[in-house]
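Under full-length UniProt numbering, the first residue of the sequence shown carries the number 1, and numbering increases by one thereafter. All C-beta atoms, glycine included, are put in the ideal place defined by N, C-alpha and C. Values in this document were obtained by computation on a predicted structure and should not be read as measured data.
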Amino acid sequence: MPTHPTAADLSRQLADNVEAFCRRYLSNGRRNGRWWCVGDAFNSEGESMYVRLTGPSRGKGARGKWTDAATGEHGDLLDVIRMQCGDRWKDALDEARAFLSLPQPPVPERARPLPKARDTVESARRMLRYGRPVPGTVAAAYLRSRGLDHAVGQPALRFHPRCLYRPSAKEPPGPDAYHPALLASVTDLSGTVMAVGRTWLAPDGRAKAAVRDPRRTLGHQLGHGVRFPGTVPDMMVAGEGVETVLSVQRVLPAMPHVAALSGAHLGALILPPGLRHLYIARDADPAGESGAATLRRRAEAAGILVTDLDPREDDHNTDLRHLGPRDLALHLAPQLDPNDAVAHLQFEEALAA
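Here it is as structure tokens:
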């Protein structure tokens with residue numbers, strides 16, 4: 001190794017100490033399997049940035065590589081230091097050298113190789129296979145309590161009677177627990193299952209379970225979503241949560257809908273080819289607005305017309321429950337393209353609900 005290592009040398013050495021690096025520079029995050037999850041490269045709280053903790057030293061899947069699902073940014077660990085140093089490369093290189101020359105030795109390689117990574121995508125598919133249809137279950141009661149009676153028979157939704165809930169590192173230590181859960185199938189554009197969204201429910205289904213994180217996703221979620229098909233080929237409604245998207249679907253049943261399951265993943269959603277008009281059903285909170293803004297920029301750069309659908313309250317499901325389907329349709333009507341409102345907005349069906 002030369003006396004003055006190059007930036008590429010420093011980047012590889014940082015990657016060799018990736019977990020120690022994350023614990024120092026991205027300390028507001030946490031380890032999640034073979035990834036370190038944090039809000040962004042500036043160490044904000046959150047989980048939209050993913051740093052790979054394992055893998056080869058270079059090439060595809062290399063350790064130390066990261067992606068921010070909220071912004072689409074990506075890079076290596078030296079880029080993290082550079083960003084934290086205000087894009088001053090000299091300061092970044094000095095900081096990297098200081099980190100790598102700390103008196104304590106780097107975390108040594110394990111004496112035994114790491115076990116083969118668990119295939120979380122296959123675990124998600126297995127969980128969905130174990131699930132059962134929603135009608136007649138606690139999950140059906142939950143959907144009805146949210147004003148989503150029409151969604152009980154949706155193929156993308158399943159019910160798990162006894163789904164494992166394991167406390168995260170941010171929770172007080174405690175035993176594993178089991179609760180009924182609503183499962184949502186997360187698929188790619190071809191319909192292949194890539195992940196499963198889990199919403200743990202109270203025993204009677206009238207609310208979510210009393211746990212810190214009642215919603216989690218298992219599998220490879222980035223870019224994919226929970227899809228509710230429609231008959232209109234070149235339009236789509238995208239939103240953050242399943243309940244939000246299903247609320248809009250209640251009055252726009254002909255349009256395809258997709259739920260990204262978080263604001264950050266809404267921004268990273270892969271859009272289908274041939275899409276002409278994208279409606280974004282925004283949640284009125286910072287994460288939802290940020291994800292919607294990122295998706296808008298990406299869609300408009302691809303030449304897609306984008307229209308925001310804003311809720312009257314905090315999200316469209318709150319609107320559905322407080323206004324009812326007819327008044328939700330009236331609220332959305334002026335936000336839609338007039339031709340789309342005439343062709344696809346279902347007032348009479350909403351009146352009969």
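*Is there contact between the stretch 195-210 and the stretch 168-186, where contact requires at least three CB pairs shorter than 8 angstroms?*
yes
*Residues in its own chain within less than 6 angstroms of Pro311 by CB, not counting five upstream and five downstream?*
Position 311 of the sequence shown holds residue 311. Ala284 and Asp319, listed in sequence order.
_Going by DSSP in three states, Asp65 sits in which element: helix, strand or coil?_
As a working mapping, residue 65 is identified with position 65 in the sequence shown. Asp is not the amino acid found at residue 65; the sequence shown has Lys there. In this structure, Lys65 counts as coil in the three-state DSSP scheme.
*Which term fits residue 359, buried or exposed, when burial requires 16 or more other beta carbons within 10 angstroms of its beta carbon?*
Limits of the chain in this structure are 1 at one end and 353 at the other, which puts residue 359 out of reach.
*Taking buried to mean at least 16 other C-beta atoms within 10 Å of its own C-beta, is Trp89 buried or exposed?*
Position 89 of the sequence shown holds residue 89. So Trp89 ends up on the exposed side.
*How about Leu26 and Leu100: do their beta carbons lie closer than 8 angstroms?*
On the sequence shown, position 26 is the one that residue 26 refers to. On the sequence shown, position 100 is the one that residue 100 refers to. Not a contact, by the Cβ cut-off of 8 angstroms.
*Alpha-carbon to alpha-carbon, Asn28 and Gln104*: Position 104 of the sequence shown, counted from the first residue, corresponds to residue 104. Position 28 of the sequence shown, counted from the first residue, corresponds to residue 28. Because the pLDDT at Gln104 is just 38, under 50, the model does not fix this residue reliably, and the point stays unresolved.
*Look at the Cβ atom of Phe159, then the Cβ atom of Val186, and state whether they are nearer than 8 angstroms.*
On the sequence shown, residue 159 is found 159 positions in, with the first residue counted as 1. On the sequence shown, residue 186 is found 186 positions in, with the first residue counted as 1. No.
*Would the beta-carbon of Ala299 fall within 8 angstroms of that of Leu278?*
Numbered from its first residue, the sequence shown carries residue 299 at position 299. Numbered from its first residue, the sequence shown carries residue 278 at position 278. Contact flag set, yes.
*asked:* Less than 6 angstroms between C-beta atoms, sequence neighbours within five positions excluded: which residues of the same chain meet that for His220?
replied: Within the sequence shown, residue 220 is the residue found at index 220, counting from 1. Cβ neighbours of His220 beyond the five flanking positions: Val121, Met194 and Ala195.
*Could you check what DSSP says for His224 in three-state terms: helix, strand or coil?*
Your numbering for residue 224 matches position 224 in the sequence shown. Of the three classes helix, strand and coil, the one that applies to His224 here is coil, per DSSP.
*In whole angstroms, what separates the C-alpha of Phe228 from that of Pro256?*
Position 228 of the sequence shown, counted from the start, is the residue given in the question as residue 228. Position 256 of the sequence shown, counted from the start, is the residue given in the question as residue 256. Going by the C-alpha atoms only, they are around 6 angstroms apart.
*What are the boundary residues of the beta strand (DSSP E) that Thr187 is part of?*
Stepping through the sequence shown from its first residue, residue 187 is reached at position 187. Thr187 -> beta strand (DSSP E) spans Ala177 to Thr187.
*Note down, one range per segment and in chain order, each beta strand (DSSP E) of at least 3 residues found wholly within the stretch 2-66.*
30-32, 35-38 and 49-52
*From the DSSP output, which residues share a beta bridge with Val306?*
Within the sequence shown, residue 306 is the residue found at index 306, counting from 1. In DSSP, Val306 forms a bridge with Leu278.
*Please classify Leu102: does DSSP put it in a helix, a strand, or coil?*
Within the sequence shown, the letter at position 102 stands for residue 102. With a pLDDT of only 44 at Leu102, under the threshold of 50, the placement of this residue in the model should not be trusted, and no figure is reported.
*Have a look at Phe42 and Gly291 and give me their C-alpha separation to the nearest angstrom.*
On the sequence shown, position 42 is the one that residue 42 refers to. On the sequence shown, position 291 is the one that residue 291 refers to. Cα to Cα, the separation comes out at about 18 angstroms.
*Could you check what DSSP says for Ala195 in three-state terms: helix, strand or coil?*
Residue mapping note: residue 195 aligns to position 195 of the sequence shown, counting from 1. Correct three-state label for Ala195: strand.
_For Pro325, the first and last residue of its enclosing alpha helix (DSSP H)_ = To locate residue 325, count along the sequence shown from 1; it is residue 325. Unbroken alpha helix (DSSP H) run through Pro325: Pro325 to Leu332.
*C-alpha gap between Arg97 and Leu128, whole angstroms*: As a first step, residue 97 is located in the sequence shown; it is residue number 97 there, counting from the start. As a first step, residue 128 is located in the sequence shown; it is residue number 128 there, counting from the start. In a straight line, the C-alpha of Arg97 is about 47 angstroms away from that of Leu128.
*Assuming Lys65 and Arg82 form a contact by the criterion Cβ under 8 angstroms, report the distance between their Cβ atoms to the nearest whole angstrom.*
Stepping through the sequence shown from its first residue, residue 65 is reached at position 65. Stepping through the sequence shown from its first residue, residue 82 is reached at position 82. The pair is not a contact, with the Cβ atoms about 15 angstroms apart (cut-off 8 angstroms).
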